[in-house]
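The sequence shown lines up with residues 8 to 537 when you count with the numbering used here.
A short worksheet on the structure shown next.
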Amino acid sequence: MHHLSHYDEHAPVLIVGGSLVGLSTALFLSKHGIPCLLVERHAGVSPFVRAGGFNSRTLEIYRSVGLEPAIREAAPEALKEMKIVRVETLAGRELGTFLENSSDYAMAASPLRGSIIPQNILEPLLREYARTLGADLRFSTECVSFEQDTNGVNAVIRDLASGQEQRVLSSYLVAADGNRSPIGKKLGIDAQGPGTLAYQMNILFRADLRAPLRGRRLLACYVASVQGLYGGDEDGGLLSVPYDPEKESEQDFLGERGIEVVRTAMGVPDLAVEILGTRTWEMADRLAAHFQQSRVFLAGDAAHVMPPTGAYGANTGIADAHNLAWKLAFVLKGKAGTGLLETYEPERRAASQLAVEQALLNYVERLHPERTVQVSAEKIAYEIPIFGYIYHSAAVLSEDTALYEDPQCPSGRPGTRAPHVALERDGKPLSMFDLFGHDFVLLTGAEGAAWSEAAEACAQRLGITLDTYRVGADVLDIDGCFGSRYGLSSSGATLVRPDGFIAWRAHEASQQPVQELSQVLTQILCLKLS
């Protein structure tokens, strides 16, 4: 038995890693009222901007915790109305367009536009909001070691400024510690997939690019002459190119070598270039064999690494955090059995695999159209890894084994993201998503009163909150499409989880609604039947 006296601190959840995914995990847990401690080795945010495209699904998730307005306000005006192209060189021929207009970063499956906001602007927002909700975030602090047993996770954390170490006892640990996850390594979790695709050199530079840009506003540019990726403006920017780590170093690219590569990419042989800094990273495609080992969960790049082609990486990691947070919250509050935590891996691993495969296909198409990287996956619609994947686990009462569907023609089947329907309440417009985010929600047709009454009895019996809405009565269905999108008759019902995914549905009324709903909730929450 652990005695707290052996520990300096206690936190229900310890999060290792304070970048996008770690911060999002802290934010979502805090929103559920779960205290957490986050440690991050670095003091602050990296100047080498990484992720920047946050899709409509990610904005739906941030909207559910109240962060969407702040993101819209902080997104830089300068990044609007830009395009993503493939070129021979910046001054040369355009070979193709991948995004026509960044302001139109919208997807048919969602009423929300995505947001083009650099990671170094989004992270401080997440940090500030998580702190407001009570998260304990400690930067310049590392996790030195950890071990887990049946009672919890014992970790040692060190303040890098003072060198002081503290022992922390937590119930669960979330490893959001990046693509070389030391925690995943220590647990011996293997990675699957092609692995390293290329070693990349990031070159931050200044140059007058008005002539090669020719007035175009480019969010990102795939450059065939150097098999690289460029992002910037008339004064320079960031160029990322493959290099050979056996023969070249960051130092080499600070001088002539860097200048030569920038000139080749820009297509201006005598361009005056000033190199401001260089940094290496690895372009890779990997999926962890496991996302959970007992009390430790891998999320974000610790669980899956993919090339930036398609902007799937960070968005997939934020969806991991969102899936895991409500499950941890329900288990820690005693509203669900620990079996609920075992649904994180099958759900998120299958969804991540789709994203990893599509990012690899995009990588081959955009950066190496001439090269044969072995890709066994088929090309699927861009929106599918974002909205169209289908969960299969103990927390879903599946009706079939399909792995994904076209999110623009939603079926309402269990395991899918609950589709958008425009609603109205008390004369005010409302999105279906505004009903989700914290508790389970039961949606019924206009004649689903028996289900609504049953919900109240079940919620009391199980000690959970179950919000119920009769669509067509409590809330108005503006376009009259609730029944068809959710696959229900007017007496049917659908149960939506706190993460906005459908857990179960009944096409029509039931003879014994209380019994049926109780059984469903008991199964989803992995509760032992008493």
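Note that CB positions come from ideal geometry on N, CA and C, so glycine has one too.
Span separating the alpha-carbon of residue i from that of residue j
{"i": "ASN322", "j": "TYR179", "result": "23 Å"}
{"i": "VAL428", "j": "LEU442", "result": "11 Å"}
{"i": "LEU450", "j": "VAL478", "result": "7 Å"}
{"i": "GLY341", "j": "ASP259", "result": "57 Å"}
{"i": "ALA362", "j": "PRO315", "result": "11 Å"}
{"i": "SER495", "j": "ASP327", "result": "Here the sequence assigns Leu to residue 495, which means Ser is not the residue at that position. Near 29 Å, if we compare the C-alpha coordinates of ASP327 and LEU495."}
{"i": "TYR250", "j": "GLN207", "result": "6 Å"}
{"i": "THR96", "j": "ASN186", "result": "31 Å"}
{"i": "ILE391", "j": "CYS228", "result": "24 Å"}
{"i": "PRO505", "j": "GLY395", "result": "18 Å"}
{"i": "ALA115", "j": "ALA162", "result": "45 Å"}
{"i": "GLU454", "j": "SER152", "result": "57 Å"}
{"i": "ALA457", "j": "ALA516", "result": "8 Å"}
{"i": "LEU36", "j": "GLU257", "result": "39 Å"}
{"i": "SER400", "j": "GLU354", "result": "6 Å"}
{"i": "GLY147", "j": "SER247", "result": "Residue identity check: residue 147 is Ser in the sequence provided, not Gly. SER147 and SER247: Cα-Cα distance of roughly 28 Å."}
{"i": "GLU406", "j": "ILE397", "result": "11 Å"}
{"i": "ASP433", "j": "VAL482", "result": "8 Å"}
{"i": "VAL175", "j": "ALA18", "result": "7 Å"}
{"i": "GLU460", "j": "SER497", "result": "16 Å"}
{"i": "SER130", "j": "ARG213", "result": "Note that residue 130 is Glu in the sequence shown here, rather than Ser. Answer to the nearest angstrom: the Cα atoms are 25 Å apart."}
{"i": "ARG223", "j": "MET290", "result": "27 Å"}
{"i": "LEU119", "j": "GLU172", "result": "45 Å"}
{"i": "ALA343", "j": "GLY59", "result": "36 Å"}
{"i": "LEU368", "j": "PHE105", "result": "14 Å"}
{"i": "ALA388", "j": "GLN415", "result": "10 Å"}
Assigned secondary structure, residue i (DSSP; H/G/I helix, E/B strand, else coil)
{"i": "LEU524", "result": "helix"}
{"i": "LYS90", "result": "strand"}
{"i": "CYS533", "result": "coil"}
{"i": "GLN467", "result": "helix"}
{"i": "VAL540", "result": "The chain is shown from 8 up to 537; residue 540 falls before or after that span and cannot be answered."}
{"i": "ILE509", "result": "strand"}
{"i": "ASP413", "result": "coil"}
{"i": "GLU95", "result": "coil"}
{"i": "GLU67", "result": "helix"}
{"i": "ASP486", "result": "coil"}
{"i": "THR501", "result": "strand"}
{"i": "HIS13", "result": "helix"}
{"i": "ARG286", "result": "strand"}
{"i": "ASP446", "result": "coil"}
{"i": "PRO421", "result": "coil"}
{"i": "ARG293", "result": "strand"}
{"i": "GLU515", "result": "coil"}
{"i": "MET8", "result": "The predicted model places MET8 with a pLDDT of 41, which falls under 50 and marks its position as unreliable, so this point remains unresolved."}
{"i": "SER491", "result": "helix"}
{"i": "ILE22", "result": "strand"}
{"i": "GLY395", "result": "helix"}
{"i": "SER152", "result": "strand"}
Where the beta strand (DSSP E) containing residue i begins and where it ends
{"i": "VAL403", "result": "Here VAL403 belongs to no beta strand (DSSP E), and DSSP marks it neither H nor E."}
{"i": "GLN207", "result": "198-213"}
{"i": "SER178", "result": "172-182"}
{"i": "GLY103", "result": "101-106"}
{"i": "SER438", "result": "435-438"}
{"i": "ARG48", "result": "Premise fails: ARG48 is in no beta strand (DSSP E) and is neither H nor E."}
{"i": "ALA429", "result": "429-432"}
{"i": "VAL162", "result": "Rather than Val, the amino acid found at residue 162 in this sequence is Ala. Here the beta strand (DSSP E) through ALA162 covers 159-166."}
{"i": "VAL303", "result": "303-305"}
Continuous alpha helix (DSSP H) stretch holding residue i: start and end
{"i": "PHE35", "result": "27-38"}
{"i": "ALA81", "result": "75-81"}
{"i": "GLY195", "result": "Element bounds for GLY195: n/a, residue is neither H nor E."}
For residue j and residue i, believed in contact at Cβ under 8 Å, the rounded distance
{"i": "ARG48", "j": "VAL160", "result": "Contact doesn't hold; Cβ gap of about 19 Å is too wide."}
{"i": "LEU339", "j": "ILE41", "result": "6 Å"}
{"i": "ASN209", "j": "LEU245", "result": "6 Å"}
{"i": "GLY274", "j": "GLY99", "result": "5 Å"}
{"i": "ILE128", "j": "GLU149", "result": "Not quite, the Cβ-Cβ distance comes to about 25 Å (not below 8 Å), so this is no contact."}
{"i": "ASP143", "j": "CYS43", "result": "7 Å"}
{"i": "GLN300", "j": "ILE196", "result": "7 Å"}
>> Quick check for students: name the residue ranges of the alpha helix (DSSP H) that lie wholly in the region 312-391, counting only runs of 4 or more.
In response: Here the runs fully enclosed are 320-339, 351-374.
> What runs of the beta strand (DSSP E), each 3 residues or longer, lie entirely inside the region 219-281?
Replying inline: Listed in chain order, they are 225-230, 235-240, 243-249.
> Could you give the uninterrupted runs of the alpha helix (DSSP H) lying entirely in the region 111-149, keeping only those of 4 residues or more?
Replying inline: Taking only runs of at least 4 residues, the alpha helix (DSSP H) segments lying wholly in the region 111-149 are 126-139.
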